[in-house]
Amino acid sequence: MSILGPVGLGGRRVELFRRRLCGVAKLLGTLLLTFLGLLLVTFLIGRVVPVDPVLAAVGDRASAEVYEQAKRELGLDRPLYEQFAVYVWDVLRGDLGKSVLTARPVAEDIGRFFPATLELATLATIIGVLLGVPAGVVAAVNRGRWPDQVIRVVGLVGYSMPIFWLGLMGLLLFYGTLGWVAGPGRVDIFYEGMVPSITGMLLIDSALAGDWAVWRSAFSHIILPAGTLGYFSLAYISRMTRSFMLEQLGQEYVTTARVKGLSEWRVVWRHALGNIMVPLITVIALSYAQLLEGSVLTETVFAWPGLGRYITSSLLSADMNAVLGGTLVVGAVFIGLNLLSDLLYRVLDPRAR
Amino acid sequence: MTAANQGWRARLLSDAPASRGQARLGQWYRGWLTFSGNWLAMLGLLIILALLVIALLAPWIAGQSPIAQDLAARLQPPSAEHWFGTDAFGRDIFARVVYGARITLMIVVLVAVTAAPLGLLVGTVAGYLGGWVDAVLMRITDIFLAFPRLILALAFVAALGPGIENAVLAIALTAWPPYARIARAETLTLRGSDFIAAIRLQGASPSRIIRAHIMPLCLSSVIVRVTLDMAGIILVAAGLGFLGLGAQPPLPEWGADVSAGRKFLLDQWWIATIPGLAIFIVSLGFNLLGDGLRDTLDPKNGGGG
Numbered sequence: 002m003s004i005l006g007p008v009g010l011g012g013r014r015v016e017l018f019r020r021r022l023c024g025v026a027k028l029l030g031t032l033l034l035t036f037l038g039l040l041l042v043t044f045l046i047g048r049v050v051p052v053d054p055v056l057a058a059v060g061d062r063a064s065a066e067v068y069e070q071a072k073r074e075l076g077l078d079r080p081l082y083e084q085f086a087v088y089v090w091d092v093l094r095g096d097l098g099k100s101v102l103t104a105r106p107v108a109e110d111i112g113r114f115f116p117a118t119l120e121l122a123t124l125a126t127i128i129g130v131l132l133g134v135p136a137g138v139v140a141a142v143n144r145g146r147w148p149d150q151v152i153r154v155v156g157l158v159g160y161s162m163p164i165f166w167l168g169l170m171g172l173l174l175f176y177g178t179l180g181w182v183a184g185p186g187r188v189d190i191f192y193e194g195m196v197p198s199i200t201g202m203l204l205i206d207s208a209l210a211g212d213w214a215v216w217r218s219a220f221s222h223i224i225l226p227a228g229t230l231g232y233f234s235l236a237y238i239s240r241m242t243r244s245f246m247l248e249q250l251g252q253e254y255v256t257t258a259r260v261k262g263l264s265e266w267r268v269v270w271r272h273a274l275g276n277i278m279v280p281l282i283t284v285i286a287l288s289y290a291q292l293l294e295g296s297v298l299t300e301t302v303f304a305w306p307g308l309g310r311y312i313t314s315s316l317l318s319a320d321m322n323a324v325l326g327g328t329l330v331v332g333a334v335f336i337g338l339n340l341l342s343d344l345l346y347r348v349l350d351p352r353a354r
Numbered sequence: 258m259t260a261a262n263q264g265w266r267a268r269l270l271s272d273a274p275a276s277r278g279q280a281r282l283g284q285w286y287r288g289w290l291t292f293s294g295n296w297l298a299m300l301g302l303l304i305i306l307a308l309l310v311i312a313l314l315a316p317w318i319a320g321q322s323p324i325a326q327d328l329a330a331r332l333q334p335p336s337a338e339h340w341f342g343t344d345a346f347g348r349d350i351f352a353r354v355v356y357g358a359r360i361t362l363m364i365v366v367l368v369a370v371t372a373a374p375l376g377l378l379v380g381t382v383a384g385y386l387g388g389w390v391d392a393v394l395m396r397i398t399d400i401f402l403a404f405p406r407l408i409l410a411l412a413f414v415a416a417l418g419p420g421i422e423n424a425v426l427a428i429a430l431t432a433w434p435p436y437a438r439i440a441r442a443e444t445l446t447l448r449g450s451d452f453i454a455a456i457r458l459q460g461a462s463p464s465r466i467i468r469a470h471i472m473p474l475c476l477s478s479v480i481v482r483v484t485l486d487m488a489g490i491i492l493v494a495a496g497l498g499f500l501g502l503g504a505q506p507p508l509p510e511w512g513a514d515v516s517a518g519r520k521f522l523l524d525q526w527w528i529a530t531i532p533g534l535a536i537f538i539v540s541l542g543f544n545l546l547g548d549g550l551r552d553t554l555d556p557k558n559g560g561g562g
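Chains A and B, in that order, are what the protein sequence lines are.
For the first sequence, our numbering gives the first residue as 2, with consecutive numbering after it.
For the second sequence, our numbering gives the first residue as 258, with consecutive numbering after it.
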């Protein structure tokens, strides 16, 4: 802002602030509309299911009167738009209906399963960032030479591999053959429920309780699924880092820094990398959102008791409330993360203001 | 190189083409030279051609039925008789992988011919008509884009019931938004051009302008994008199959076959490994091909190869 100089600073600042506020308001409006659309989609999917919810509630031996009464109680005799309004209101109050399979409210189930997914996706993102960012930088610096080719192929392989298959191959190699890691599940069975659940994330809970035997067991279980997911985030992050870095390395300030006599290391890892931090953060947020999707398949392979497995196991038993509730939550988190990355970009990047 | 051959090359690469056809062929040829210089892209092309050939000639290549059970020969390791071994029902895995190429190809083609026209229609209409039509259609597009694809497809299949047709429908319903975006962007640049204004002055209706003049021009960029998306479509389809929501048994679908091999993973590794390898190779092929196409058509985007 110092470029503007002291003259007319106040007025410009107000103007800038107003414009930014407008941008944020527009963003929030979009978010609200998108969320409503999300609700409409899950609502409509719920309506076209061949299972008759009234029949499911009263059983097929109920008389016509009982059927009609149940229909009224469930609100299914009202016009569709009223039903939708009721649905929106229910969701806003946190009522996602009851799961047929677990006989508990869906919202409660999701609350129990979500931390496991969060733990998995977070560790996977950490792996993806720690390996993906340096890989992208190295590829950009060595553009066209063999390190670049190798990293490109590693990324392409990551994009092309069915994640469930990669997970199975990981199990076959590291669990079945080498025995380096533990198999499916979240923790060895005799450690189950040993530490009090505070965050719901086992690695953190066991560390808080100081129970390192549980921590080791949990780590040995999580590292393979997290590594599987992490590979995908690595593929995406390294590709984006490479293209951001290429753009920076071609700019004049890099030449200036080199002419000034700075070491190549400093030019690349401090100056250029420092300048791509903002877009990089938005990319990381996006890849985190994509991991939620990958987690559905990964959790199925590793019997990981998270949200993804909750959705798929409910699917197979036609437990629609649970499926739609889970879909809604994943969609909402996805939208939220997209918004977050957008907001971060606006706040952190002076050029976007 | 023979003289005739050289003359043919020179004609194609000539700086002063004598006809429009020659110029266009020359452009194609130059594109091909760039493309074929990229060995990764050529590898991709080779994989996809192999897929096509295998799918076309499946009965002759497989030699056996993919669904004939032979319980006496179940869970056999790869051998001269069963190249890739047999599964839990004694079915020949090689035959299943070969026939699976047909199913994979069918899913990809069906999704492409459903999603691309839908996206094209939405995008061109939104872009040409503008105003509130544009606002509404693009809002709907954004909503679909906001969903993670596999999850949305899952929810659709949950509603429609499992099966290969419903899986195709669900994937197509999640695949069209990017095409709509691209078609709209192209339409916006075309809309203001003189030739569209001339057609409008001749009295052509908006629907005719969109159908006969705008859509054909948007087609090529949508096709490139569809090629880039093929790998993603295959992976989503395989994921649905793996979860038991795609092709139903006894159809030889690769994702479902991996899932069937899970139980035997540690003792009979080949049952789950080989169909998964097939998915991986085909999706890699499409990715390599797509990357190469993009590099050829848009040199700005050069991948450093």
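Backbone N, C-alpha and C fix where the C-beta goes; we use that ideal spot for every residue, glycine too.
What A:I312 touches in chain B, judged by beta-carbon distance under 8 Å, is I408 and L411, going in chain order.
The DSSP-derived three-state label of B:T343 is strand. Nearest in C-alpha terms to B:L545, of all of A:P280, A:G194 and A:V158, is A:V158.
Contact of A:G177 with chain B is assigned, a C-beta pair being separated by under 9 Å. In the three-state reduction of the DSSP assignment, B:D349 falls in the strand class, which pools E and B. The alpha-carbon of B:L447 is positioned some 29 Å away from that of A:T35.
Rounded to the nearest whole angstrom, the CA to CA distance from A:G180 to A:L225 is 12 Å. Annotated three-state conformation of B:P473 is helix, per DSSP.
About 6 Å separates the beta carbon of A:A227 from that of A:I128, a gap short enough to meet the 8 Å contact definition. Taken through DSSP and simplified to helix, strand or coil, B:P334 comes out as coil.
Looking at the backbone, the Cα of B:M487 and that of B:S540 are separated by about 7 Å. B:A432 is the residue among B:A432, B:L411, B:E422 and B:G380 whose C-alpha sits nearest the C-alpha of B:F401. Its Cα nearest to that of B:L306, the residue B:G542 stands out among B:D548, B:G542, B:V354 and B:L497.
Relative to the Cα of A:T126, the nearest Cα in the group A:Q252, A:L281 and A:I111 belongs to A:L281. A contact is defined here as three or more CB-CB pairs under 8 Å, and the stretch 232-249 of chain A meets this definition with respect to the stretch 133-144 of chain A.
In terms of CA proximity to A:A86, A:L37 leads the group A:T103, A:V269, A:V101 and A:L37. Closest in C-alpha terms to B:P434, from the list B:R457, B:L377, B:L426 and B:P419, comes B:L377. Of all residues in the stretch 302-329 of chain B, none comes within less than 7 Å of chain A when Cβ atoms are compared. Closest by C-alpha distance to A:R187, out of A:F175, A:L349, A:G112 and A:G201, is A:G201. Nearest to A:M321 by C-alpha distance, out of A:K99, A:E16 and A:V67, is A:K99. With a threshold of 9 Å between beta carbons, B:S293 makes no contact with chain A. For A:T123, no CB of chain B lies under 9 Å from its own CB, so it is not counted at the interface with that chain. In chain order, Y160, S161, M162 and P163 make up the part of chain A whose C-beta sits under 9 Å from the C-beta of B:S540.
When Cβ-Cβ separations below 9 Å define contact, A:L39 makes contact with chain B. Its chain contains G156 as the residues whose beta carbon lies nearer than 6 Å to that of A:R240, once the 5 sequence neighbours on both sides are disregarded; these appear in chain order. Between B:G512 and B:E443, the C-beta spacing is not below 9 Å. Judged by pairs of C-beta atoms under 8 Å, the stretch 24-35 of chain A does not touch the stretch 298-313 of chain A, as fewer than three such pairs exist.
In the displayed model, A:K261 falls within coil according to three-state DSSP, outside both helix and strand. Of all alpha-carbon atoms in B:Q326, B:T343, B:D327 and B:C475, the one lying nearest the alpha-carbon of B:Q333 is that of B:T343. Taking all protein chains shown into account, A:F335 has 16 or more neighbouring C-beta atoms within 10 Å of its C-beta and is therefore buried. Close CB contacts of B:L328 within its chain, under the 6 Å cut and outside five residues either way in sequence, are with G347 (chain order). Closest in C-alpha terms to A:E69, from the list A:L81, A:Y82, A:V55 and A:E16, comes A:V55. By the C-beta density criterion, A:M162 is buried, having at least 16 other C-beta atoms within 10 angstroms. Under the Cβ criterion of 9 Å, A:F335 is counted among the residues facing chain B. Taking 9 Å as the CB threshold, B:P334 stays off the interface with chain A.
Per the coordinates, the alpha-carbon of B:A319 lies some 29 Å from the alpha-carbon of A:G171.
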